[in-house]
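Asker: According to UniProt numbering, the first sequence holds residues 1 to 495 in order.
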Amino acid sequence: MTETRLRFPPSPTGYLHIGGARTALYNWLYAKKTGGKLVLRIEDTDVERSTQESIQGILDGLEWLGINFDEGPFFQTDFSDDHCAAADKLLAEGKAYKCFCTKEDLDAKREAALAAKQNLGYDRTCLKLSEAERAEKEAAGVPYVIRFKVPDGERVISYDDRILGRIDCNIKEVDDFVIVRSNGKPLYLLCNVVDDIRDRITHIIRGQDHMTNTIRQVLLYEALGAPIPVFAHMPLTLDTKKAKISKRSHGEVVTVQFYKEHGFLPWALSNFLVLLGWSPGNDQEIFSREELIEAFTLERINKSSSIFNFTKGDEKFFTDPKAIAINEHYLRTMDIVELGELVKVELQQDGLWDDAYEGERQKWYHHTLSLIRDRFHTLKDFTTLGRAYFADDFAVEEKPLNKNVLKHEGLKEWFPMLADRYAALTDFSLEETERVARELAEELDIKPGILINGMRTVVTGQLAGPSMFDILVTIGRDKVVERLRDIDKFFPAAA
RNA sequence: GUCCCCAUCGUCUAGUCAGGUCCAGGACACCGGCCUUUCACGCCGGCAACACCGGUUCAAAUCCGGUUGGGGACGCCA
Numbered sequence: 001m002t003e004t005r006l007r008f009p010p011s012p013t014g015y016l017h018i019g020g021a022r023t024a025l026y027n028w029l030y031a032k033k034t035g036g037k038l039v040l041r042i043e044d045t046d047v048e049r050s051t052q053e054s055i056q057g058i059l060d061g062l063e064w065l066g067i068n069f070d071e072g073p074f075f076q077t078d079f080s081d082d083h084c085a086a087a088d089k090l091l092a093e094g095k096a097y098k099c100f101c102t103k104e105d106l107d108a109k110r111e112a113a114l115a116a117k118q119n120l121g122y123d124r125t126c127l128k129l130s131e132a133e134r135a136e137k138e139a140a141g142v143p144y145v146i147r148f149k150v151p152d153g154e155r156v157i158s159y160d161d162r163i164l165g166r167i168d169c170n171i172k173e174v175d176d177f178v179i180v181r182s183n184g185k186p187l188y189l190l191c192n193v194v195d196d197i198r199d200r201i202t203h204i205i206r207g208q209d210h211m212t213n214t215i216r217q218v219l220l221y222e223a224l225g226a227p228i229p230v231f232a233h234m235p236l237t238l239d240t241k242k243a244k245i246s247k248r249s250h251g252e253v254v255t256v257q258f259y260k261e262h263g264f265l266p267w268a269l270s271n272f273l274v275l276l277g278w279s280p281g282n283d284q285e286i287f288s289r290e291e292l293i294e295a296f297t298l299e300r301i302n303k304s305s306s307i308f309n310f311t312k313g314d315e316k317f318f319t320d321p322k323a324i325a326i327n328e329h330y331l332r333t334m335d336i337v338e339l340g341e342l343v344k345v346e347l348q349q350d351g352l353w354d355d356a357y358e359g360e361r362q363k364w365y366h367h368t369l370s371l372i373r374d375r376f377h378t379l380k381d382f383t384t385l386g387r388a389y390f391a392d393d394f395a396v397e398e399k400p401l402n403k404n405v406l407k408h409e410g411l412k413e414w415f416p417m418l419a420d421r422y423a424a425l426t427d428f429s430l431e432e433t434e435r436v437a438r439e440l441a442e443e444l445d446i447k448p449g450i451l452i453n454g455m456r457t458v459v460t461g462q463l464a465g466p467s468m469f470d471i472l473v474t475i476g477r478d479k480v481v482e483r484l485r486d487i488d489k490f491f492p493a494a495a
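#1: Where does the unbroken alpha helix (DSSP H) through Leu418 begin, and where does it stop?
#2: Could you pull out every unbroken alpha helix (DSSP H) segment of at least 4 residues lying fully inside the stretch 339 to 410, listed in chain order?
#3: Rounded to whole angstroms, what's the CA-CA distance from Val194 to Thr368? Just pull it up for me.
#4: Ignore the nearest five residues each way along the sequence and tell me which others in Ala495's own chain have a CB closer than 7 Å to its CB.
#5: Which value, in whole angstroms, describes the spacing of the CA atoms of Gly263 and Arg373?
#6: Would you call Thr311 buried or exposed, if buried means 16 or more other Cβ atoms sit within 10 Å of its Cβ?
#7: How about Ile163 and His233: are their beta carbons less than 7 Å apart?
#8: From Asp239 to Ile205, what distance separates their C-alpha atoms?
#9: Can you list, in chain order, the stretches of the beta strand (DSSP E) that have 3 or more residues and sit fully within the stretch 144 to 190?
#10: According to DSSP, simplified to helix, strand and coil, what is Ala495?
#11: Can you check DSSP and say which residues form a bridge with Trp278?
#12: Find out if the Cβ-Cβ distance for the pair Asp123, Thr77 is shorter than 7 Å.
#13: What residue does the alpha helix (DSSP H) around Leu440 start on, and which one ends it?
#14: Give me the residue from Asp283, Lys98, Lys185, Trp28 with the minimum Cα distance to Arg134.
#15: For residue 497, which three-state DSSP category applies?
#16: Between the stretch 139 to 152 and the stretch 80 to 96, can you find at least three pairs of beta-carbon atoms closer than 8 Å?
#17: How far does the alpha helix (DSSP H) with Ala116 in it reach, from first residue to last?
#18: For Lys241, which option in Tyr422, His377, Ser306 has the closest C-alpha, if you only look at C-alpha atoms?
#19: Given a cut-off of 7 Å on the beta-carbon distance, is the pair Thr457 and Pro400 in contact?
#20: Extract the residue ranges of the beta strand (DSSP E) inside the stretch 8 to 56, only unbroken runs of 3 or more that lie entirely within it.
#21: Please go through the same chain and pick out, in chain order, the residues whose beta-carbon is closer than 8 Å to the beta-carbon of Ala243, but skip the five residues on each side of it.
#22: Specify, as a first and last residue, the run of the alpha helix (DSSP H) that Tyr259 falls within.
#23: Using DSSP with H/G/I as helix, E/B as strand and the rest coil, what is Val459?
#24: Can Ile245 and Phe308 be called in contact, C-beta distance under 7 Å?
#25: Check whether the Cβ atoms of Leu16 and Ser270 sit closer than 7 Å, and answer yes or no.
#26: Measure the CB-CB distance between Leu40 and Pro12 and report whether it falls below 7 Å.
#27: Per DSSP, which residues does Tyr330 bridge with? Please list them.
#28: Measuring alpha carbon to alpha carbon, tell me which of His203, Arg375, Asp488 ends up nearest Gln462.
#29: Does the separation of the CB atoms of Gly476 and Pro266 fall below 7 Å?
#30: Would you say His377 and Ile336 are within 7 Å of each other, going by their C-beta atoms?
#31: Evaluate Asn119 with the Cβ neighbour count: other Cβ atoms within 10 Å of its Cβ, from every protein chain shown; 16 or more gives buried, anything less gives exposed.
#32: Taking Phe75 as part of the alpha helix (DSSP H), name the residues at either end of that continuous run.
#33: Compare the C-alpha of Gly454 against each of Glu154, Leu411, Gly465 and name the closest.
#34: Report the residue from Asp161, Gly36, Ser80, Pro448 whose alpha carbon sits nearest the alpha carbon of Glu71.
#35: How many whole angstroms separate the CB atoms of Ala437 and Leu418, which I take to be in contact at a CB cut-off of 8 Å?
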């Protein structure tokens, strides 16, 4: 049995978006699953629109996701000799012909056809040219494109799609398509096939938007005398209005970069993306890399398109709620040392990292992360919501400030008292900190909650969080005492 | 206009190929409860779908036909 060979061929005309990432992921999974190879090929034949920045963005995105390649990146433009040779061969064999129609004429015809609700295909004007007419135009130097000549006659073109089943199309529906531009540069339909033949690609997993291309490419494989690979057309990802997702209409949220910048775990995004159009056939939704490779099959990819459930302007769900849920899941179940590495990057970016977290305070570091991660959604929350554990310049949220601090002016006296007692404690433990707080509340004849919730606000800036006494012990006596004593700053200066 | 593909809860989906065990299962979201002197954790419970019409059959989410709806393609883009 021959080795399976797959490819991911992005065109570098924009950022890597989640649809592309999902395609890459499916190809990668299938390559891993079958012990095959994955080739990365940058399809940059559209020189006008291809940019270096885009290439870098795609490479970065794939690397972040952990999608690695066995071969490449190759650049399609490096193989233009192959493409031209193939075009010449088709021309020489009468399987393609020169077309002298101008772009303007063609556009006019297309528009007219569209307006008259007529069929859109090419009318073969130049195929009907006599030998003399053709020679004359060539001699006159009239620019031409090369069109593939779709074979005449009754015939149904078919291929077996591994996701959709047998696909049939009457050859009459296919019109002569352009394979080489008038400037001599070959086009996608041809390049893609020539490269796939050269790279010995056995399986092509791509979006359903390529289905009509596939019909034409099957013809190209035949004309070039190459075996037809296995095709698998995956369902598209649409937005909530069932329109194609694009950076233009949806913004950054559809780019892989967005997730990197918003504190997503790469594998959480992959896990979410793979579920958009595929399921293992049972109730499992969380997969390790190995589990997913094991479970993945082309046949279990869905036929129908799925919706990326993102609502613009939603404050709570800044992306598909399920994506966030999966990210949270990994955040609170993943190995704490591994999490520590990721949070380290966040802390470093914010200038909050302390090398001691890898040395004498490592135990504290990991303990703190495990204490606070349960309520977090992304890696970013560690430096925002969880900032008080690593720094003194944390923000105090308005809601708890009003509710738990400003409402109780007595706190101005009570907190310094509490601070003194904490400072004097021989054992700054869970039990002792709680006992002292309750004792003071009783002496003052106030509800313990006033002290406790006030402390939460002053010590962490947050309305909610872990058990208060866990927080005290974790943040440590010095900082707690200091923050309690500094209570005055929250109240407007006394008259 | 032509061709191609698709159709189960709000969303992702299981079940469809091999019809009965499905008055349709799970997850997310939402709602309620428990836990909690806080809470966005956790636990328990609830809401919620077979697009429609016809046919085949003792029996249809499942097979067949049609309708409707949605998507894609019809570039000297990829």
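Each residue gets a CB set at the ideal place from its N, CA and C atoms; glycine is no exception.
Answerer: Let me spell this out:
#1: Counting from 1 along the first sequence, the entry for residue 418 is found at position 418. Segment 411 to 424, the alpha helix (DSSP H) holding Leu418.
#2: Listed in chain order, the complete alpha helix (DSSP H) runs (minimum 4 residues) inside the stretch 339 to 410 are 362 to 372.
#3: Numbered from its first residue, the first sequence carries residue 194 at position 194. Numbered from its first residue, the first sequence carries residue 368 at position 368. Roughly 56 Å between the two C-alpha positions.
#4: Locating residue 495 in the first sequence gives position 495, where the first residue counts as 1. Only weak support exists for where Ala495 lies, its pLDDT of 44 falling under 50; the value from the coordinates is given anyway. There are no such residues.
#5: By 1-based counting over the first sequence, the position of residue 263 is 263. By 1-based counting over the first sequence, the position of residue 373 is 373. The straight-line gap from Cα to Cα measures roughly 13 Å.
#6: Taking the first residue of the first sequence as 1, we reach residue 311 at position 311. Under this definition Thr311 is an exposed residue.
#7: Here residue 163 refers to the residue found at position 163 of the first sequence. Here residue 233 refers to the residue found at position 233 of the first sequence. For the 7 Å CB-CB criterion, Ile163 and His233 form a contact.
#8: Within the first sequence, residue 239 is the residue found at index 239, counting from 1. Within the first sequence, residue 205 is the residue found at index 205, counting from 1. Looking at the two C-alpha atoms, the distance is approximately 22 Å.
#9: Correct list: 145 to 148, 156 to 161, 165 to 170, 178 to 180.
#10: Sequence index remark: in the first sequence, residue 495 carries index 495 (1-based). Annotation note: pLDDT 44 at Ala495 (below 50); position unreliable, no value reported.
#11: Position 278 of the first sequence, counting from 1, holds the residue named residue 278. For Trp278, which the question treats as bridged, DSSP gives the partners Ile301.
#12: Here the question's residue 123 lines up with position 123 in the first sequence. Here the question's residue 77 lines up with position 77 in the first sequence. Against a cut-off of 7 Å, the Cβ pair of Thr77 and Asp123 comes out as no contact.
#13: Looking up residue 440 in the first sequence gives position 440. Element bounds for Leu440: 430 to 444.
#14: Within the first sequence, numbered from 1, the residue matching residue 134 stands at position 134. With distances taken between Cα atoms, Arg134 lies closest to Lys98.
#15: In the structure as shown, the chain begins at 1 and stops at 495. Residue 497 is therefore absent and cannot be evaluated.
#16: These segments touch.
#17: Here the question's residue 116 lines up with position 116 in the first sequence. Run containing Ala116: none; DSSP gives neither H nor E here.
#18: The count along the first sequence starts at 1 and reaches residue 241 at position 241. Considering only alpha carbons, the answer is Ser306.
#19: To locate residue 457, count along the first sequence from 1; it is residue 457. To locate residue 400, count along the first sequence from 1; it is residue 400. Cβ distance < 7 Å, so Thr457 and Pro400 count as in contact.
#20: Listed in chain order, they are 37 to 42.
#21: What you label residue 243 is simply residue 243 of the first sequence in a count that begins at 1. Within the same chain, and ignoring the five residues on either side of Ala243 in sequence, the residues whose Cβ sits closer than 8 Å to its Cβ are Ser249.
#22: By one-based count along the first sequence, residue 259 stands at place 259. Start and end: 256 to 261.
#23: Mapped onto the first sequence, residue 459 falls at position 459. Of the three classes helix, strand and coil, the one that applies to Val459 here is helix, per DSSP.
#24: In the first sequence, counting from the first residue as 1, residue 245 sits at position 245. In the first sequence, counting from the first residue as 1, residue 308 sits at position 308. Yes.
#25: Locating residue 16 in the first sequence gives position 16, counting from the first residue. Locating residue 270 in the first sequence gives position 270, counting from the first residue. No, the pair does not count as a contact, with Cβ atoms beyond the cut-off.
#26: Position 40 of the first sequence, counted from the start, is the residue given in the question as residue 40. Position 12 of the first sequence, counted from the start, is the residue given in the question as residue 12. No, Cβ-Cβ distance for Leu40 and Pro12 is not below 7 Å.
#27: Working through the first sequence from its first residue, we reach residue 330 at position 330. Its beta-bridge partners do not exist; DSSP assigns none.
#28: On the first sequence, position 462 is the one that residue 462 refers to. By alpha-carbon distance to Gln462, the top candidate from His203, Arg375, Asp488 is Arg375.
#29: Translated into the one-based positions of the first sequence, residue 476 becomes position 476. Translated into the one-based positions of the first sequence, residue 266 becomes position 266. Contact flag unset, no.
#30: On the first sequence, position 377 is the one that residue 377 refers to. On the first sequence, position 336 is the one that residue 336 refers to. With respect to Ile336, His377 sits apart: the two C-beta atoms are not nearer than 7 Å.
#31: Locating residue 119 in the first sequence gives position 119, where the first residue counts as 1. Counting C-beta atoms within 10 angstroms of its own C-beta, Asn119 has fewer than 16 neighbours from the protein chains shown and is therefore classed as exposed.
#32: For the purposes of this step, residue 75 is identified with residue 75 of the first sequence, where counting begins at 1. Per DSSP, Phe75 belongs to no alpha helix (DSSP H); it is in the beta strand (DSSP E), 71 to 75.
#33: The count along the first sequence starts at 1 and reaches residue 454 at position 454. Comparing Cα-Cα distances from Gly454 to each of Glu154, Leu411, Gly465, the minimum goes to Leu411.
#34: Against the first sequence, residue 71 aligns to sequence position 71. Looking at the Cα atoms, Gly36 is the closest of the given residues.
#35: As a first step, residue 437 must be located in the first sequence, where it is residue number 437. As a first step, residue 418 must be located in the first sequence, where it is residue number 418. Taking 8 Å as the upper bound for CB-CB distance, Ala437 and Leu418 are in contact here, some 7 Å apart.
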